[in-house]
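Everything on this sheet refers to the single structure shown next.
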DNA sequence: CCAGTTCAGGAAACCGGTGTCATTACATCG
DNA sequence: CGATGTAATGACACCGGTTTCCTGAACTGG
């Protein structure tokens, strides 16, 4: 079937292995070794940066490898190493922007390193979800995995990965693992910033729309917010807090319940932008003008935030940077301390036009 | 360094290879062969569904493999086959929703097949972009790649992939390759549907905001729209057409120019939802009410469409299905006719609240 | 001057699968 | 009945790297 393509002249040293024009004939370690007149082991040493190679030999080989466009085959290398050069990205997340930002960020770091990113969506509510990820890791002999919320918050999964001796980085809003396994965005602090901002505008009666309980971020955001308020002498009565689901529709429903109360809160803090957009809809329906009659703040700075009218004041998470850092942590020498130097990032408030002093 | 883990009793058949509890000791083809008392070649035949194995032998081996939780190592297999079990997803696209939908769709198909999806963002405007993708394909010995617009429309890239003998599927809005390489969404027809809809509401004077020239989709959408209108006796004057850039900001700018004209168009068709959102903003600024004073239609049915107020009438592309089909086409036997049975999908109009008869 | 070290490098086995070709046992045929 | 064919299987090399272990040569130091 496939054409005979045994490397032609074993006796006559040819200048170039492949025709260069494209066809499969990639040079192998054997070609390089033969061309250089050394054993393949020496080439292997150069590839793996072994110090036990004479400088001249190394230079000669590096030049030759470059000339021939030789790159070691990751599959062969992986087979011998009993691992692969793949990193998994495990997610179960409705937020496309988040996922793509993380993966682009991770690839910022990975580009040129010989490592690649394999994506693995999953359903963290299904019973065999841990088994599925485990299989993924074992089968592909992954170098490591990056976990996005909410799977990043799953203790059983982390335990399984530890047992498998698999490197992993959890992206989360709260400290729930050793720092070398963690990228934390300080959601609590950012939510406090929101509280301070609204209070400084003069709002004393604020409605809060939280996220679903299976996200740790929602607790961080909600607590950070209420605690900052109480520090400033404002307590949130129970009926001013609605549990949403991080979805647009839940935002509409929660906001409608909050805005139906009398007196009405003068401002709303939704724990993500989707729900803030829902609050916009509820306000429109009631004929309330934002920001004149109602101030709204979101969280995430999704593209949506600037598309809404009026543009939404929200909290920006440096997501792409988190992706970059996650990959960097997986690539770093785990014994070195700077493996987790970048594990902490800080979100900040982006002020747009959705807030004003209360009427 | 690593513990001695040579399979212990070669004479005494043990019931289980690994301790099962998790550690690396995955069974190999040799373990299976020894346990079954056959040669590894026979096991290999079973793995590859060779018909040259006795039914009894096959059953015995399949049972054993299942008992041992044995799954062939893709790296070893790939090495021997001179290829891999990876599929690349190449994109250069600002639309996160699109990317994630495609990748989730592709993985719907791939799940359980032993194939995995490797993502590869790139910059289609950079000079060495084709070289980059080429390297990606060659190095990973990809089974195939899925190309998203606008890279799917790059002729040089397709040529390179053909030369490399690499399977690929282009996701595009127009017929620009053999059907086994193509998923086409019939954007032209959908745009015509928009035109018919607006005309039927009574609009005779419509503004059009197109996308950037380096996307084929924009041509399809714009032409489909204007041609359908002219079929109904409406011609679009030049000044009613604005070239946007598929971005929110460009939508704002284009819509502002269109709405500054007098008489003002009674409706706007933006070639994607981002720009339609921009049109909303322009209308708000001018104090125009949607849909009472201005009707707006978008394209894509991005999450944004239903978050806007009023909810945006737009065109839904079955993106996840396209992802599923793309993967299916890469997996199908290329000689079989149904390799491209699913290559054609149809978008359809989603009517919401952003359109009304003109005032 | 010679044993002991260190430095460079090589031979062969190995990672876990596949290809090629040979072998065996039986059925079929002239 | 022997020649031939065919189904089922195995032996062995090979894919492109790595590991383990070994060999020489060039330095030490006594």
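Protein chains in written order, with this note's numbering: chain G, 146 to 504; chain H, 146 to 504.
Where a beta carbon is used, it is the ideal one built from N, C-alpha and C, also for glycine.
Could one say the Cβ of residue 223/G lies closer than 8 Å to chain H's Cβ atoms, at least one of them? At a cut-off of 8 Å between C-beta atoms, residue 223/G counts as an interface residue with respect to chain H.
Would you say residue 501/H and residue 404/H are within 8 Å of each other, going by their C-beta atoms? no
For the pair the segment 202-210 of chain H and the segment 179-186 of chain H, tell me if three or more CB-CB distances fall below 8 Å. yes
Measuring straight from C-alpha to C-alpha, what distance separates residue 241/G and residue 445/G? Within the model, the alpha-carbon separation for residue 241/G versus residue 445/G is close to 12 Å.
Would you say residue 462/H and residue 330/H are within 8 Å of each other, going by their C-beta atoms? yes
Can you list the alpha helix (DSSP H) stretches of 4 or more residues lying completely in the segment 452-485 of chain G, in chain order? Those alpha helix (DSSP H) runs which fall completely within the segment 452-485 of chain G and span 4+ residues are 464-476.
Looking only at its chain, what residues have a beta carbon closer than 6 Å to the beta carbon of residue 469/G, apart from the 5 residues adjacent to it on each side? The residues are 250, 253, 254.
Do we get a CB-CB distance below 8 Å when we pair residue 497/H with the residues of chain G? no
Count the CB pairs spanning the segment 220-237 of chain G and the segment 437-456 of chain G that are closer than 8 Å, and state whether there are at least three. With a cut-off of 8 Å, the segment 437-456 of chain G and the segment 220-237 of chain G do not count as touching, because too few Cβ pairs lie within range.
Have a look at 493/G, 378/G, 401/G and flag the residue whose alpha-carbon is nearest the alpha-carbon of residue 388/G. Distances from the CA of residue 388/G to each of 493/G, 378/G, 401/G were compared; the closest alpha carbon is that of 401/G.
Since residue 263/H meets chain G, which of its residues come closer than 9 Å, beta carbon to beta carbon? 231, 261, 262, 263, 264
Should residue 452/H be flagged as near chain G, meaning a C-beta pair shorter than 8 Å? yes
Count the CB pairs spanning the segment 423-437 of chain H and the segment 357-372 of chain H that are closer than 8 Å, and state whether there are at least three. no
Below 9 Å on C-beta distance, what does residue 393/H contact in chain G? 448, 451, 452
How about residue 472/H and residue 244/H: are their beta carbons less than 8 Å apart? No, the Cβ-Cβ distance between residue 472/H and residue 244/H is not below 8 Å.
Per-residue burial, residue 186/H [other beta carbons within 10 Å of its own, 16 or more giving buried]: exposed
Take residue 488/H and list the residues in its own chain whose beta-carbon comes closer than 8 Å to its own, dropping the five residues that flank it on each side. 324, 325, 327, 328, 329, 470, 474
Reducing DSSP to helix, strand and coil, say where residue 331/H ends up. coil
Going by C-alpha distance, which of 406/G, 432/G, 447/G is nearest residue 418/G? 447/G
Under 8 Å, Cβ to Cβ, is there at least one residue of chain G near residue 434/H? No, residue 434/H lies away from the interface with chain G (no Cβ there is under 8 Å from its Cβ).
If the cut is a Cβ gap below 9 Å, which residues of chain H does residue 374/G touch? Result: empty, since nearest Cβ-Cβ is about 28 Å, beyond 9 Å.
Using a Cβ-Cβ distance under 8 Å, would residue 150/H count as near chain G? For residue 150/H, the pLDDT reaches just 31, beneath the cut-off of 50, and the residue's location in the model is therefore unreliable, although a value from the coordinates is still provided. Closer than 8 Å: no.
Give me the residue from 504/G, 495/G, 235/G, 294/G with the minimum Cα distance to residue 276/G. 235/G
Using alpha carbons as the reference points, say which of 177/H, 227/H, 216/H, 395/H lies closest to residue 173/G. 227/H
Alpha helix (DSSP H) containing residue 126/H: first to last residue? Outside the displayed range of chain H (146 to 504) lies residue 126/H, so it cannot be described from this structure.
To which residues of the same chain is residue 390/G closer than 6 Å at the C-beta, ignoring the five residues directly before and after it? 357
Please tell me whether residue 294/G has its Cβ less than 8 Å away from any Cβ of chain H. no
Go to residue 414/H, then tell me how far its beta strand (DSSP E) extends in each direction, as first and last residue. Counting along the chain, the beta strand (DSSP E) containing residue 414/H begins and ends at 412-415.
Which of the three DSSP states, helix, strand or coil, is assigned to residue 498/G? coil
Of all the options 491/H, 450/H, 257/H, 239/H, which has the alpha carbon lying nearest to the alpha carbon of residue 499/H? 450/H
For residue 422/G and chain H, any beta-carbon pair shorter than 8 Å? At a cut-off of 8 Å between beta-carbon atoms, residue 422/G makes contact with chain H.
Check the C-beta distance from residue 370/G over to residue 336/G and give it rounded, since I have them as a contact under 8 Å. 4 Å
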